[in-house]
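**Student:** Read left to right, the sequence shown gives residues 1 to 316 (full-length UniProt numbering). Backbone N, C-alpha and C define an ideal beta-carbon position, used for all residues, glycine too. First the structure, which I've put down as C-alpha coordinates, then a few questions once you've had a look.
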Amino acid sequence: MAADSSFHCPADRKDIYKFPERVVLWDEDEAEDKQIKQVGASACGATAALNLLKLLGKTAEVDAAIKAVSTKLRDLDAPLPQYLLSRSVAGTTHTDLIKGLDKLSQGNVIGRFFHMFPARDFDLSIWLKYWLSNGGIPLATLNCQKVCLSDGTIPDAWHHQVICGVSENGVHLINPNEVIPFGVVSEQLCSDSVLLIRRNDVLQRWNNTLDYLCWNSEGDRWKELNVQEQIDLMVKEETLLLLHGNEIKYKELLMTHITIPAVYKSGITIFVLRDSKAHELLKNADELPLLETACNDVLDSEKQTMCNEGTLSVNV
1 MAADSSFHCP ADRKDIYKFP ERVVLWDEDE AEDKQIKQVG ASACGATAAL
51 NLLKLLGKTA EVDAAIKAVS TKLRDLDAPL PQYLLSRSVA GTTHTDLIKG
101 LDKLSQGNVI GRFFHMFPAR DFDLSIWLKY WLSNGGIPLA TLNCQKVCLS
151 DGTIPDAWHH QVICGVSENG VHLINPNEVI PFGVVSEQLC SDSVLLIRRN
201 DVLQRWNNTL DYLCWNSEGD RWKELNVQEQ IDLMVKEETL LLLHGNEIKY
251 KELLMTHITI PAVYKSGITI FVLRDSKAHE LLKNADELPL LETACNDVLD
301 SEKQTMCNEG TLSVNV
(Lines of atoms letter the chains of each structure in order from A and count residues from 1; the text may use other names and numbers.)
(Lines give C-alpha, C1' and ligand atoms only; values in the text may rest on other atoms or scores of the structure.)
Protein backbone atom coordinates (compact mmCIF):
# COMPACT_ATOMS: atom_id res chain seq x y z
CA MET A 1 0.00 0.00 0.00
CA ALA A 2 1.28 3.48 -0.87
CA ALA A 3 2.19 5.64 2.10
CA ASP A 4 -0.37 8.32 2.94
CA SER A 5 0.90 11.15 5.12
CA SER A 6 -2.61 11.88 6.45
CA PHE A 7 -3.24 8.21 7.24
CA HIS A 8 -5.55 7.05 9.96
CA CYS A 9 -7.91 4.13 9.72
CA PRO A 10 -11.46 4.62 10.97
CA ALA A 11 -12.67 1.46 12.66
CA ASP A 12 -15.56 1.11 10.18
CA ARG A 13 -13.39 1.57 7.04
CA LYS A 14 -10.58 -0.93 7.63
CA ASP A 15 -11.63 -2.92 4.56
CA ILE A 16 -10.09 -0.28 2.26
CA TYR A 17 -6.56 -0.79 3.63
CA LYS A 18 -4.66 -3.89 2.58
CA PHE A 19 -1.82 -5.16 4.77
CA PRO A 20 -0.55 -8.68 5.40
CA GLU A 21 -1.99 -10.39 8.47
CA ARG A 22 1.48 -10.47 10.00
CA VAL A 23 3.85 -7.49 10.03
CA VAL A 24 6.73 -8.10 12.44
CA LEU A 25 10.22 -6.64 12.78
CA TRP A 26 11.30 -9.39 15.19
CA ASP A 27 9.39 -12.67 15.43
CA GLU A 28 8.86 -14.22 18.86
CA ASP A 29 12.10 -16.25 18.86
CA GLU A 30 14.14 -13.35 17.51
CA ALA A 31 12.63 -10.97 20.05
CA GLU A 32 13.47 -13.35 22.89
CA ASP A 33 17.06 -13.51 21.71
CA LYS A 34 17.57 -9.82 20.88
CA GLN A 35 15.46 -7.91 23.38
CA ILE A 36 16.99 -5.98 26.26
CA LYS A 37 15.20 -6.93 29.47
CA GLN A 38 14.36 -4.61 32.36
CA VAL A 39 17.55 -2.72 33.28
CA GLY A 40 16.50 -1.45 36.72
CA ALA A 41 13.75 -0.35 39.09
CA SER A 42 11.17 1.96 37.44
CA ALA A 43 13.32 1.73 34.28
CA CYS A 44 10.87 0.33 31.74
CA GLY A 45 11.19 3.64 29.86
CA ALA A 46 14.97 3.39 29.66
CA THR A 47 14.66 -0.27 28.66
CA ALA A 48 12.18 0.65 25.93
CA ALA A 49 14.56 3.34 24.67
CA LEU A 50 17.40 0.81 24.42
CA ASN A 51 15.21 -1.70 22.58
CA LEU A 52 13.96 0.97 20.20
CA LEU A 53 17.49 2.08 19.38
CA LYS A 54 18.42 -1.54 18.72
CA LEU A 55 15.55 -1.92 16.27
CA LEU A 56 16.80 1.21 14.49
CA GLY A 57 20.35 -0.15 14.32
CA LYS A 58 21.75 2.07 17.08
CA THR A 59 23.06 1.50 20.61
CA ALA A 60 23.50 3.30 23.92
CA GLU A 61 24.85 2.51 27.37
CA VAL A 62 22.35 1.50 30.06
CA ASP A 63 23.36 4.26 32.49
CA ALA A 64 23.17 6.84 29.72
CA ALA A 65 19.66 5.71 28.81
CA ILE A 66 18.44 5.80 32.41
CA LYS A 67 19.74 9.35 32.76
CA ALA A 68 18.61 10.56 29.34
CA VAL A 69 14.95 9.65 29.89
CA SER A 70 14.96 11.22 33.39
CA THR A 71 14.11 8.01 35.25
CA LYS A 72 12.58 8.73 38.67
CA LEU A 73 12.41 6.22 41.51
CA ARG A 74 9.78 5.49 44.12
CA ASP A 75 10.69 6.97 47.50
CA LEU A 76 9.92 3.87 49.53
CA ASP A 77 11.10 5.32 52.84
CA ALA A 78 9.23 8.62 52.66
CA PRO A 79 6.14 9.52 54.73
CA LEU A 80 2.86 8.69 52.99
CA PRO A 81 2.21 12.08 51.26
CA GLN A 82 5.73 12.22 49.80
CA TYR A 83 5.65 8.51 48.96
CA LEU A 84 2.46 9.03 46.96
CA LEU A 85 4.02 12.00 45.18
CA SER A 86 6.97 9.84 44.19
CA ARG A 87 4.63 7.13 42.92
CA SER A 88 2.75 9.63 40.77
CA VAL A 89 5.94 10.47 38.82
CA ALA A 90 8.02 7.27 39.13
CA GLY A 91 9.62 6.04 35.93
CA THR A 92 9.34 8.34 32.94
CA THR A 93 6.82 9.90 30.54
CA HIS A 94 6.41 9.88 26.77
CA THR A 95 7.80 13.42 26.71
CA ASP A 96 10.92 12.28 28.56
CA LEU A 97 11.30 9.39 26.10
CA ILE A 98 11.12 11.69 23.09
CA LYS A 99 13.73 14.04 24.58
CA GLY A 100 15.89 11.16 25.80
CA LEU A 101 16.00 9.32 22.48
CA ASP A 102 16.80 12.56 20.71
CA LYS A 103 19.76 13.00 23.07
CA LEU A 104 20.92 9.37 22.92
CA SER A 105 20.88 9.40 19.12
CA GLN A 106 22.47 12.86 18.75
CA GLY A 107 19.27 14.10 17.14
CA ASN A 108 18.88 11.23 14.69
CA VAL A 109 15.77 9.67 16.26
CA ILE A 110 12.55 11.69 16.22
CA GLY A 111 9.37 10.85 18.12
CA ARG A 112 5.78 11.99 18.05
CA PHE A 113 3.13 10.99 20.58
CA PHE A 114 -0.44 10.05 19.61
CA HIS A 115 -2.99 10.41 22.42
CA MET A 116 -5.47 7.56 22.78
CA PHE A 117 -7.51 8.90 25.68
CA PRO A 118 -10.33 9.81 25.38
CA ALA A 119 -11.15 6.91 23.02
CA ARG A 120 -10.16 7.32 19.36
CA ASP A 121 -11.92 6.24 16.16
CA PHE A 122 -9.33 4.08 14.43
CA ASP A 123 -8.30 0.46 13.85
CA LEU A 124 -5.26 -0.24 16.04
CA SER A 125 -4.05 -3.22 14.02
CA ILE A 126 -4.01 -1.42 10.68
CA TRP A 127 -2.59 1.79 12.15
CA LEU A 128 0.34 -0.13 13.68
CA LYS A 129 0.92 -2.11 10.48
CA TYR A 130 1.06 1.14 8.53
CA TRP A 131 3.83 2.58 10.70
CA LEU A 132 5.76 -0.67 11.00
CA SER A 133 5.65 -1.04 7.19
CA ASN A 134 6.87 2.51 6.64
CA GLY A 135 9.86 2.59 8.98
CA GLY A 136 8.24 3.73 12.22
CA ILE A 137 8.79 2.03 15.58
CA PRO A 138 5.81 2.28 17.98
CA LEU A 139 6.43 2.65 21.71
CA ALA A 140 3.31 2.15 23.82
CA THR A 141 2.58 3.85 27.14
CA LEU A 142 0.13 1.47 28.77
CA ASN A 143 -1.90 1.63 31.95
CA CYS A 144 -1.55 -2.04 32.87
CA GLN A 145 -3.90 -1.50 35.81
CA LYS A 146 -6.84 -1.36 33.40
CA VAL A 147 -6.73 -5.15 32.99
CA CYS A 148 -6.38 -7.62 35.87
CA LEU A 149 -3.80 -10.40 35.77
CA SER A 150 -4.89 -14.03 35.33
CA ASP A 151 -5.06 -14.48 39.11
CA GLY A 152 -7.34 -11.46 39.48
CA THR A 153 -4.75 -9.09 40.95
CA ILE A 154 -4.32 -5.55 39.67
CA PRO A 155 -0.84 -4.70 38.31
CA ASP A 156 1.17 -2.19 40.30
CA ALA A 157 2.14 0.36 37.62
CA TRP A 158 1.99 1.76 34.11
CA HIS A 159 4.45 0.38 31.56
CA HIS A 160 6.37 1.48 28.46
CA GLN A 161 6.86 -1.24 25.84
CA VAL A 162 8.18 -1.26 22.29
CA ILE A 163 5.86 -2.81 19.73
CA CYS A 164 7.84 -4.95 17.31
CA GLY A 165 5.01 -6.45 15.33
CA VAL A 166 1.35 -7.17 14.70
CA SER A 167 -0.26 -10.47 13.76
CA GLU A 168 -3.64 -12.17 13.82
CA ASN A 169 -2.89 -13.08 17.45
CA GLY A 170 -2.46 -9.50 18.62
CA VAL A 171 0.26 -6.95 19.34
CA HIS A 172 3.87 -8.17 19.70
CA LEU A 173 5.69 -6.38 22.54
CA ILE A 174 9.08 -6.68 24.18
CA ASN A 175 10.21 -6.41 27.83
CA PRO A 176 8.57 -8.78 28.32
CA ASN A 177 8.42 -10.64 25.02
CA GLU A 178 4.70 -11.29 24.63
CA VAL A 179 1.76 -11.20 22.23
CA ILE A 180 -1.25 -9.43 23.73
CA PRO A 181 -4.76 -9.51 22.21
CA PHE A 182 -5.86 -6.28 20.56
CA GLY A 183 -8.75 -5.82 23.00
CA VAL A 184 -6.46 -5.91 26.03
CA VAL A 185 -3.90 -3.53 24.52
CA SER A 186 -6.66 -1.16 23.37
CA GLU A 187 -8.03 -0.98 26.90
CA GLN A 188 -4.58 -0.31 28.39
CA LEU A 189 -3.97 2.40 25.76
CA CYS A 190 -7.14 4.31 26.68
CA SER A 191 -6.80 5.51 30.25
CA ASP A 192 -7.08 8.63 32.31
CA SER A 193 -3.86 9.75 34.01
CA VAL A 194 -4.38 8.00 37.33
CA LEU A 195 -2.58 5.37 39.37
CA LEU A 196 -3.98 2.84 41.84
CA ILE A 197 -2.03 2.41 45.09
CA ARG A 198 -2.47 -0.81 47.04
CA ARG A 199 -4.10 -0.78 50.47
CA ASN A 200 -1.04 -2.14 52.25
CA ASP A 201 1.26 0.45 50.63
CA VAL A 202 -0.97 3.17 52.08
CA LEU A 203 -1.66 1.80 55.53
CA GLN A 204 1.90 0.83 56.39
CA ARG A 205 2.96 4.47 55.89
CA TRP A 206 0.01 6.17 57.55
CA ASN A 207 0.01 7.93 60.92
CA ASN A 208 -2.23 10.62 62.38
CA THR A 209 0.39 13.39 62.16
CA LEU A 210 0.81 13.45 58.39
CA ASP A 211 1.00 16.78 56.54
CA TYR A 212 -0.54 16.74 53.06
CA LEU A 213 0.45 20.31 52.15
CA CYS A 214 3.13 19.03 49.77
CA TRP A 215 0.32 18.24 47.31
CA ASN A 216 -0.75 21.88 47.04
CA SER A 217 2.00 22.73 44.55
CA GLU A 218 1.01 19.84 42.28
CA GLY A 219 -2.16 21.38 40.87
CA ASP A 220 -5.82 20.59 41.55
CA ARG A 221 -5.87 16.89 40.65
CA TRP A 222 -5.11 15.70 44.18
CA LYS A 223 -8.17 17.58 45.43
CA GLU A 224 -10.31 16.58 42.45
CA LEU A 225 -9.61 12.92 43.15
CA ASN A 226 -10.22 13.40 46.90
CA VAL A 227 -7.02 11.57 47.72
CA GLN A 228 -6.90 12.59 51.37
CA GLU A 229 -10.55 11.61 51.82
CA GLN A 230 -9.82 8.22 50.24
CA ILE A 231 -6.99 7.70 52.74
CA ASP A 232 -9.21 8.71 55.66
CA LEU A 233 -11.89 6.23 54.57
CA MET A 234 -9.36 3.43 54.21
CA VAL A 235 -7.99 4.15 57.69
CA LYS A 236 -11.53 4.11 59.14
CA GLU A 237 -12.14 0.76 57.48
CA GLU A 238 -8.94 -0.63 58.95
CA THR A 239 -9.83 0.67 62.41
CA LEU A 240 -13.22 -1.04 62.25
CA LEU A 241 -11.58 -4.26 61.13
CA LEU A 242 -9.22 -4.18 64.09
CA LEU A 243 -12.04 -3.48 66.55
CA HIS A 244 -14.86 -5.55 65.07
CA GLY A 245 -13.25 -7.77 62.47
CA ASN A 246 -15.31 -10.89 63.12
CA GLU A 247 -18.58 -8.96 63.08
CA ILE A 248 -18.06 -7.06 59.81
CA LYS A 249 -19.91 -8.45 56.80
CA TYR A 250 -19.09 -7.96 53.12
CA LYS A 251 -15.37 -7.55 53.64
CA GLU A 252 -14.94 -7.98 49.88
CA LEU A 253 -16.37 -4.44 49.53
CA LEU A 254 -13.49 -2.88 51.46
CA MET A 255 -11.20 -0.56 49.53
CA THR A 256 -8.33 -2.43 47.89
CA HIS A 257 -6.66 0.69 46.45
CA ILE A 258 -6.76 4.45 46.45
CA THR A 259 -6.56 6.48 43.24
CA ILE A 260 -3.97 9.23 42.80
CA PRO A 261 -2.99 11.48 39.89
CA ALA A 262 -0.26 10.26 37.54
CA VAL A 263 1.94 12.16 35.08
CA TYR A 264 1.66 9.51 32.36
CA LYS A 265 -0.49 9.83 29.24
CA SER A 266 -1.80 6.71 27.56
CA GLY A 267 -1.04 6.31 23.88
CA ILE A 268 1.69 5.43 21.40
CA THR A 269 4.81 7.36 20.40
CA ILE A 270 6.02 6.67 16.86
CA PHE A 271 9.80 6.96 16.48
CA VAL A 272 11.58 7.36 13.14
CA LEU A 273 15.02 8.20 11.80
CA ARG A 274 15.53 11.86 10.96
CA ASP A 275 15.18 12.76 7.26
CA SER A 276 13.80 9.34 6.39
CA LYS A 277 10.60 8.70 4.43
CA ALA A 278 8.98 7.82 7.75
CA HIS A 279 10.06 11.18 9.20
CA GLU A 280 8.17 13.02 6.48
CA LEU A 281 5.10 10.85 7.03
CA LEU A 282 5.24 11.46 10.77
CA LYS A 283 5.48 15.25 10.40
CA ASN A 284 2.35 15.30 8.24
CA ALA A 285 0.32 12.63 10.04
CA ASP A 286 -3.11 13.59 11.38
CA GLU A 287 -3.99 13.23 15.02
CA LEU A 288 -6.26 10.27 15.70
CA PRO A 289 -9.91 11.42 15.66
CA LEU A 290 -12.01 11.15 18.79
CA LEU A 291 -14.58 8.37 18.87
CA GLU A 292 -18.03 9.95 18.64
CA THR A 293 -19.08 8.79 22.11
CA ALA A 294 -15.84 10.13 23.60
CA CYS A 295 -16.34 13.42 21.76
CA ASN A 296 -19.85 13.72 23.21
CA ASP A 297 -18.48 13.04 26.69
CA VAL A 298 -15.95 15.85 26.26
CA LEU A 299 -18.63 18.25 25.03
CA ASP A 300 -20.93 17.31 27.92
CA SER A 301 -18.09 17.92 30.37
CA GLU A 302 -17.36 21.33 28.84
CA LYS A 303 -21.06 22.26 28.97
CA GLN A 304 -21.24 21.22 32.61
CA THR A 305 -18.17 23.31 33.39
CA MET A 306 -19.70 26.35 31.66
CA CYS A 307 -22.95 25.78 33.53
CA ASN A 308 -21.15 25.55 36.86
CA GLU A 309 -19.16 28.69 36.11
CA GLY A 310 -22.38 30.50 35.22
CA THR A 311 -24.01 29.43 38.45
CA LEU A 312 -21.02 30.57 40.44
CA SER A 313 -21.04 33.99 38.81
CA VAL A 314 -24.71 34.49 39.66
CA ASN A 315 -24.19 33.48 43.29
CA VAL A 316 -21.27 35.86 43.68
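Identify the residues that DSSP records as bridge partners of F271: which are they?
**Tutor:** G111 and I137
**Student:** Would you kindly work out how many angstroms separate the C-alpha atoms of A285 and A78, rounded to a whole number?
**Tutor:** 44 Å
**Student:** Express the C-alpha separation of K99 and M1 in angstroms, rounding to a whole number.
**Tutor:** Any reading at M1 needs caution, since the residue's pLDDT is 48, under 50, leaving its predicted position unreliable; the model's value is listed next. Cα to Cα, the separation comes out at about 31 Å.
**Student:** Three-state secondary structure (DSSP) at R221?
**Tutor:** helix
**Student:** If we require 4 or more residues per run, which alpha helix (DSSP H) segments fall completely within the region 173-229?
**Tutor:** 182-189, 199-203 and 221-224
**Student:** Start and end of the alpha helix (DSSP H) containing Q82?
**Tutor:** L80 to V89
**Student:** Leaving aside the five residues before and after G136 along the sequence, list all residues of the same chain whose C-beta is less than 6 Å from its C-beta, in chain order.
**Tutor:** I270, V272 and A278
**Student:** Within the same chain, show all residues whose beta-carbon is closer than 7 Å to that of V184, passing over the 5 residues directly before and after it, in chain order.
**Tutor:** V147
**Student:** Which residue from H159, G111, A157 and P155 puts its Cα closest to that of P138?
**Tutor:** G111
**Student:** The beta strand (DSSP E) with V166 in it runs from where to where?
**Tutor:** H159 to S167
**Student:** Within 10 angstroms of its Cβ, does T293 collect 16 or more other Cβ (buried), or is it exposed?
**Tutor:** When all chains shown are included, T293 counts as exposed.
**Student:** In terms of alpha-carbon separation, which member of T71, L85 and D75 lies closest to G91?
**Tutor:** T71
**Student:** Give every residue of the same chain whose Cβ lies closer than 8 Å to the Cβ of residue 321, excluding the five residues on either side of it in the sequence, and list them in chain order.
**Tutor:** Absent from the model: residue 321. The displayed extent of the chain is 1 to 316, so no value can be given.
**Student:** When you compare the region 228-238 with the region 161-176, are there three or more beta-carbon pairs, one atom per stretch, that lie closer than 8 Å?
**Tutor:** no
**Student:** Helix, strand or coil: how does DSSP classify G310 here?
**Tutor:** Since pLDDT at G310 reaches only 38, below the 50 mark, its modelled position is unreliable, and no value is offered.
**Student:** So what does DSSP say about T47, is it helix, strand or coil?
**Tutor:** helix
**Student:** Using only the alpha-carbon positions, how far apart do T93 and V263 sit?
**Tutor:** 7 Å
**Student:** I'd like the span of the alpha helix (DSSP H) that includes I36, first residue to last.
**Tutor:** Segment: none, I36 is in no alpha helix (DSSP H) and carries neither H nor E.
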